[in-house]
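Participant:
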Amino acid sequence: MTNTRGRSRKNEQEMKKELIIRLLPFLKKQGISSLKMEDIAKYMDISKATMYKYFSSRNEILESTVEIYVEYILQNFNELSDNQSTSFVRRFQKVFENSVVLAIFLSDLLLQDLKSMYPHLYQRIVEAQKVRNDHIKTFYEAGHREGVFLSVNPSLLIAQDELLLPSLLSPVFLVQNHMTLEQALFDYYQMKKHQLLKPEVIPDVDDSVIPIQVGQCIQKITWTE
Numbered sequence: 004m005t006n007t008r009g010r011s012r013k014n015e016q017e018m019k020k021e022l023i024i025r026l027l028p029f030l031k032k033q034g035i036s037s038l039k040m041e042d043i044a045k046y047m048d049i050s051k052a053t054m055y056k057y058f059s060s061r062n063e064i065l066e067s068t069v070e071i072y073v074e075y076i077l078q079n080f081n082e083l084s085d086n087q088s089t090s091f092v093r094r095f096q097k098v099f100e101n102s103v104v105l106a107i108f109l110s111d112l113l114l115q116d117l118k119s120m121y122p123h124l125y126q127r128i129v130e131a132q133k134v135r136n137d138h139i140k141t142f143y144e145a146g147h148r149e150g151v152f153l154s155v156n157p158s159l160l161i162a163q164d165e166l167l168l169p170s171l172l173s174p175v176f177l178v179q180n181h182m183t184l185e186q187a188l189f190d191y192y193q194m195k196k197h198q199l200l201k202p203e204v205i206p207d208v209d210d211s212v213i214p215i216q217v218g219q220c221i222q223k224i225t226w227t228e
């Protein structure tokens, strides 16, 4: 009986997470200021009655949404941990992918709405981003000590992602500069690679995974539109 209840609880949590993920594209585009429960049910593609079986209130839905964001922001710690099974170059490539995905889902509109309406939830995201950024800084510094990365200010590299990636994902920017999204992301990866990696390391870098990563990111962008 206990195992049955445990499985039921797990299935419920998985379903709640799936429903929140369905909501993310709409939160990115529209924010939360005018979001109503009937809108949420529509975006989740379920009835209001079914929605209330999983969530008791709008606040619970938003809290669960922020937990999804925080979970993703923090999920790359194992990739950046100091182990020899994954090279510094491969971990750099994973950081690149992670940064692109965050730029896709965390829009300025959503963050501003959270900041003004739910400052405690906004603060959760800010704190998670700080923890993530601190780990990335430590990772860049370790790569420099090991002779893989150049001596570049890691704070500037992180700020560059935060400022440039939203522009690269903008259709207006792409049209004005006659670029495809795939080209923009791949060129940005190449730029970061030459900014960070020592020249003698670059010839041995395996970039074959990058088109796959970029393709996966583009699929996520298409999903949010």
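In the working numbering, the protein residues as written are 4 to 228. Even glycine gets a Cβ: it sits at the ideal position worked out from N, Cα and C. For clarity, every value in this text was computed on a predicted model and none was experimentally measured.
Leaving out the 5 sequence neighbours to the left and right, which residues in its chain are closer than 7 angstroms to Met120 when beta-carbon positions are compared?
Facilitator: Mapped onto the sequence shown, residue 120 falls at position 117. So the list reads Ile35, Ser36, once near-sequence residues are dropped.
Participant: What are the complete alpha helix (DSSP H) segments, minimum 4 residues, inside the region 11 to 93?
Facilitator: 40 to 47, 51 to 57, 61 to 77, 80 to 83
Participant: With distances taken from CA atoms, which of Lys196, Gln186, Asp210 is nearest Pro174?
Facilitator: Working through the sequence shown from its first residue, we reach residue 174 at position 171. The residue with the shortest Cα to Cα distance from Pro174 is Gln186.
Participant: Could you check whether Val129 and Leu199 sit closer than 9 angstroms to each other, using their CB atoms as the reference points?
Facilitator: The residue given as residue 199 occupies position 196 in the sequence shown. The residue given as residue 129 occupies position 126 in the sequence shown. Contact flag unset, no.
Participant: Going by the beta-carbon positions, is the gap between Phe108 and Leu27 smaller than 9 angstroms?
Facilitator: Here residue 108 is taken as the residue at index 105 of the sequence shown, counted from 1. Here residue 27 is taken as the residue at index 24 of the sequence shown, counted from 1. Yes, they are a contact pair.
Participant: Determine, using beta carbons only, whether Leu124 and Val204 come nearer to each other than 9 angstroms.
Facilitator: Within the sequence shown, numbered from 1, the residue matching residue 124 stands at position 121. Within the sequence shown, numbered from 1, the residue matching residue 204 stands at position 201. Their beta carbons are not under 9 angstroms apart, which means Leu124 does not touch Val204 by this criterion.
Participant: I'd like the list of long-range same chain contacts for Leu188, defined as Cβ closer than 8 angstroms, with 5 residues on each side in sequence excluded.
Facilitator: Within the sequence shown, numbered from 1, the residue matching residue 188 stands at position 185. Correct list, in chain order: Val103, Leu171, Val217, Cys220, Ile221.
Participant: Assuming contact is defined by CB atoms lying nearer than 9 angstroms, are Leu77 and Val134 in contact in what I supplied?
Facilitator: In the sequence shown, counting from the first residue as 1, residue 77 sits at position 74. In the sequence shown, counting from the first residue as 1, residue 134 sits at position 131. A contact, by the Cβ cut-off of 9 angstroms.
Participant: Is it true that the CB of Phe29 sits closer than 9 angstroms to the CB of Asp48?
Facilitator: Numbered from 1 along the sequence shown, position 45 holds the residue referred to as residue 48. Numbered from 1 along the sequence shown, position 26 holds the residue referred to as residue 29. Cβ distance not < 9 angstroms, so Asp48 and Phe29 don't count as in contact.
Participant: Check for me: the alpha helix (DSSP H) holding Pro157 runs from which residue to which?
Facilitator: By one-based count along the sequence shown, residue 157 stands at place 154. Run containing Pro157: 157 to 171, per the alpha helix (DSSP H) assignment.
Participant: Please classify Ile215 as buried or exposed, where buried requires at least 16 other C-beta atoms within 10 Å of its C-beta.
Facilitator: One-based indexing of the sequence shown puts residue 215 at position 212. By the 16-neighbour rule on beta-carbons within 10 angstroms, Ile215 is exposed.
Participant: By how many angstroms is the C-alpha of Tyr46 removed from the C-alpha of Glu21?
Facilitator: As a position in the sequence shown, residue 21 is number 18, starting the count at 1. As a position in the sequence shown, residue 46 is number 43, starting the count at 1. Taking the straight line from one Cα to the other gives about 12 angstroms.
Participant: First and last residue of the alpha helix (DSSP H) that includes Leu194?
Facilitator: For the purposes of this step, residue 194 is taken as the residue at position 191 of the sequence shown. Checking the sequence shown, residue 194 turns out to be Met, not Leu. 184 to 199 is the extent of the alpha helix (DSSP H) around Met194.
Participant: So, is Asp207 buried or exposed, given that buried needs 16 or more other C-beta atoms within 10 angstroms?
Facilitator: Taking the first residue of the sequence shown as 1, we reach residue 207 at position 204. Looking at its Cβ environment, which holds fewer than 16 other Cβ atoms inside 10 Å, Asp207 is exposed.
Participant: Using 10 angstroms around the beta-carbon of Pro122, count the other beta-carbons present and answer buried if the total reaches 16, otherwise exposed.
Facilitator: Translated into the one-based positions of the sequence shown, residue 122 becomes position 119. Exposed.
Participant: Based on the DSSP secondary-structure assignment, which residues constitute the bridge partners of Phe152?
Facilitator: The residue given as residue 152 occupies position 149 in the sequence shown. Per DSSP, Leu200.
Participant: If you count every other CB in all the chains shown that lies within 10 Å of the CB of Gln16, and 16 or more means buried, which is it?
Facilitator: Taking the sequence shown and counting its residues from 1, one reaches residue 16 at position 13. Exposed: under 16 other Cβ atoms inside 10 Å.
Participant: Under 9 angstroms between the Cβ atoms of Met40 and Lys51?
Facilitator: Start at 1 with the first residue of the sequence shown, and residue 40 comes out as number 37. Start at 1 with the first residue of the sequence shown, and residue 51 comes out as number 48. In contact: Met40 and Lys51 (Cβ atoms closer than 9 angstroms).
Participant: Glu100: beta carbon under 8 angstroms from a heavy atom of the ligand COA?
Facilitator: Only the bare structure without any ligand can be found here, which leaves the ligand COA out of the picture.
Participant: Can you give me the start and stop residues for the alpha helix (DSSP H) that Leu113 sits inside?
Facilitator: By 1-based counting over the sequence shown, the position of residue 113 is 110. Run containing Leu113: 111 to 120, per the alpha helix (DSSP H) assignment.
Participant: Can you tell which of Glu74, Asn180, Asp164 has the C-alpha that lies nearest to the C-alpha of Tyr192?
Facilitator: The residue you call residue 192 lines up with position 189 of the sequence shown. Comparing Cα-Cα distances from Tyr192 to each of Glu74, Asn180, Asp164, the minimum goes to Asp164.
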